[in-house]
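First to last, the sequence lines map onto chains A and B. When the first sequence is numbered by the working numbering, its final residue is 167 and no position is left out of the sequence of numbers. When the second sequence is numbered by the working numbering, its final residue is 167 and no position is left out of the sequence of numbers. Below: the structure, in structure tokens.
2 protein chains.
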Amino acid sequence: MAEGGTGPGGGGESLLFLTDDQLRRGIEAMFFAYRGFTADPDRILAKMDYGRAHHRALHFINRMPGTTVTNLLAILGVTKQSLNRVLRSLIEDGLVESRIGSRDRRERHLYLTPKGQELERALSEAQRARMRAAYRAAGPQAVAGFWQVLEAMMDSESRQQYLALKDTRG
Amino acid sequence: MAEGGTGPGGGGESLLFLTDDQLRRGIEAMFFAYRGFTADPDRILAKMDYGRAHHRALHFINRMPGTTVTNLLAILGVTKQSLNRVLRSLIEDGLVESRIGSRDRRERHLYLTPKGQELERALSEAQRARMRAAYRAAGPQAVAGFWQVLEAMMDSESRQQYLALKDTRG
DNA sequence: GATTTTATGTCAGCCTTGTTGACTTTCCAA
DNA sequence: TTGGAAAGTCAACAAGGCTGACATAAAATC
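This is the structure:
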């Protein structure tokens, strides 16, 4: 009882934040927060004939205009058959344009059309609004910690993809 | 250049952390981190005939022994048909026990059997191990910020459920 | 006591989004 | 010129969401 929040061994940092209860709290926070995170775009998508998979494709095509299908596959972590079904509907509906590569004509380079940009904008603005509110409520120091923990939670491959995108302007 | 991290207007807090780039960073961090968050239990579940839905049911039955079906429904946010499919297989396989309520005999109270506890333990330990590593890498201050932002991101109903669980011992 | 409401379970059917496997077409590069 | 990579397609399947309809038991209410 004498130690309070300063740590047991006097070794400097407290390890109280590593108890099973604190870990469980993080697990449940991730579960409930992710539900909120997806809720707003999901409502928009439900009105059209699209799902979360379409949103993810639109997001990353917007972030990496001209990306190839193979690259998108690696980022999304799904099979090409699964992605292809999504891409096909986006292309048919005129949201995504697929251009044959000039250097390597086997490759397809993906771009959002103006219509695709419009939907992407609506979806991401809904998501940004919630993120903005959360940032504002928590403050800049909390946001820095939020990034740190999430980054440390990623698989190394995801982390590399995340870091590669991090300093890229949208 | 002169302002650094102290903010533009001298109004106290910097608002640099609210730029669209910082919001986008949070969005992508959630996407990639959630993938890591579910990866380890998913690998265990894939060996058995279970999925993420079974994991979620096991988690919350473990956290709230004796909970009713209706309560679990509210927490998981799915339909009773969807939950029932999952519960039926867990009960058939002897991981979950469903006891008729003593006060209200319409209610079913749900408990993990020893076998269910064993699987839940394996799944949550995999998830805790990753969370522990992330906490350790980021440090206690970052963890506090991580909780704050996630909590602010939840819908109010989810937040109430989260807070109700937060101070409950497992 | 009769009626209504609540809690649960179940059947049927649908959708999205993931999977594997087999196969074709295109086309770069050795 | 031929092997193999990149892209796309078709078929089949599964998990896990959904809606709607319906059944049953028990509690609550009139």
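Backbone N, C-alpha and C define an ideal beta-carbon position, used for all residues, glycine too.
ask   = Within 10 angstroms of its Cβ, does A/GLY91 collect 16 or more other Cβ (buried), or is it exposed?
value = Numbered from its first residue, the first sequence carries residue 91 of chain A at position 94. The residue in question, A/GLY91, is exposed, as its Cβ has fewer than 16 Cβ neighbours within 10 Å.
query = Given that B/GLN138 touches chain A, what residues does it touch there, using C-beta distances under 7 angstroms?
reply = In the second sequence, residue 138 of chain B corresponds to position 141, counting from 1. Within 7 angstroms Cβ-Cβ: GLY142.
key: A/ARG96, enclosing beta strand (DSSP E) - first and last residue   = Reading the first sequence from its first residue, position 99 is the one you call residue 96 of chain A. Its beta strand (DSSP E) spans residues 93 to 97.
query = From which residue to which residue does the beta strand (DSSP E) around B/LEU13 run?
reply = Position 16 of the second sequence, counted from the first residue, corresponds to residue 13 of chain B. Neither: B/LEU13 is in no beta strand (DSSP E) and is coded neither H nor E.
query = Between B/VAL93 and A/ALA71, what straight-line distance do the alpha-carbon atoms span, to the nearest angstrom?
reply = One-based indexing of the second sequence puts residue 93 of chain B at position 96. One-based indexing of the first sequence puts residue 71 of chain A at position 74. One C-alpha to the other measures close to 38 angstroms.
Identity of the residues DSSP links to B/LEU107 by a beta bridge = Translated into positions along the second sequence, residue 107 of chain B becomes position 110. Looking at the DSSP assignment, B/LEU107 forms a beta bridge with B/THR64, B/SER95.
request  = Run down chain A in chain order and give the residues with a C-beta less than 8 angstroms from the C-beta of B/SER11.
outcome  = On the second sequence, position 14 is the one that residue 11 of chain B refers to. Those are PRO137, listed as they occur along chain A.
request  = With distances taken Cα to Cα, identify the nearest neighbour of A/LEU13 among B/GLN145, B/ARG22, B/MET61, B/VAL140.
outcome  = Stepping through the first sequence from its first residue, residue 13 of chain A is reached at position 16. Closest by alpha carbon: B/VAL140.
query = With a cut-off of 7 angstroms, does the C-beta of B/TYR108 fall near any C-beta of chain A?
reply = Residue mapping note: residue 108 of chain B aligns to position 111 of the second sequence, counting from 1. False, the Cβ-Cβ gap to chain A never drops below 7 angstroms.
query = Helix, strand or coil for B/TYR47 per DSSP?
reply = Within the second sequence, residue 47 of chain B is the residue found at index 50, counting from 1. The answer is coil: DSSP assigns B/TYR47 none of H, G, I, E or B.
request  = Compare the C-beta of B/MET151 against all C-beta atoms of chain A and say whether one is closer than 7 angstroms.
outcome  = Counted from its first residue, the second sequence places residue 151 of chain B at position 154. By this cut-off, B/MET151 is an interface position.
query = On the premise that A/ALA161 lies in contact with B/ALA134, defined as a C-beta separation below 8 angstroms, what is that separation, rounded to the nearest angstrom?
reply = Taking the second sequence and counting its residues from 1, one reaches residue 134 of chain B at position 137. Taking the first sequence and counting its residues from 1, one reaches residue 161 of chain A at position 164. Incorrect: roughly 20 angstroms between the Cβ atoms, too far for contact.
inquiry  = Against chain B, which members of the stretch 24 to 43 of chain A pass a CB distance test of less than 7 angstroms?
reply    = ILE24, GLU25, ALA26, MET27, PHE29, ALA30, TYR31, ARG32, GLY33, PHE34, ALA36
key: Exposure of B/MET27, with buried meaning 16 or more beta-carbon neighbours within 10 Å   = Taking the second sequence and counting its residues from 1, the one referred to as residue 27 of chain B is at position 30. With 16 or more Cβ atoms within 10 Å of its Cβ, B/MET27 is classed as buried.
Host alpha helix (DSSP H) of B/GLY142 (start-end) = Within the second sequence, the letter at position 145 stands for residue 142 of chain B. Element bounds for B/GLY142: 137 to 150.
query = Ordered along the chain, which non-local residues of its own chain (more than five positions away) have a Cβ less than 7 angstroms from that of A/GLU0?
reply = Taking the first sequence and counting its residues from 1, one reaches residue 0 of chain A at position 3. Its pLDDT being 41, under 50, A/GLU0 is placed unreliably in this model, and the value from its coordinates should be taken loosely. Taken in chain order, the list of residues that qualify is empty.
query = For the candidate residues A/ILE58, A/GLY33, A/PHE34, whose alpha-carbon lies nearest to that of A/LEU116?
reply = Taking the first sequence and counting its residues from 1, the one referred to as residue 116 of chain A is at position 119. Among A/ILE58, A/GLY33, A/PHE34, the Cα nearest to that of A/LEU116 is on A/ILE58.
message = Let me check understanding here. Comparing Cα to Cα, which of A/PRO137, A/LEU120, A/PHE34, A/LEU69 lies closest to A/GLU104?
response = For the purposes of this step, residue 104 of chain A is identified with residue 107 of the first sequence, where counting begins at 1. Checked all of A/PRO137, A/LEU120, A/PHE34, A/LEU69; the closest Cα to A/GLU104 is A/LEU69.
ask   = What residues from chain A crowd round B/GLY74, counting only those whose CB sits closer than 9 angstroms?
value = Counting from 1 along the second sequence, the entry for residue 74 of chain B is found at position 77. Going along chain A in sequence order, the residues near B/GLY74 (Cβ under 9 angstroms) are ARG32.
C-beta contact flag for A/TYR159 and B/PHE29 at 7 angstroms = The residue given as residue 159 of chain A occupies position 162 in the first sequence. The residue given as residue 29 of chain B occupies position 32 in the second sequence. In contact: A/TYR159 and B/PHE29 (Cβ atoms closer than 7 angstroms).
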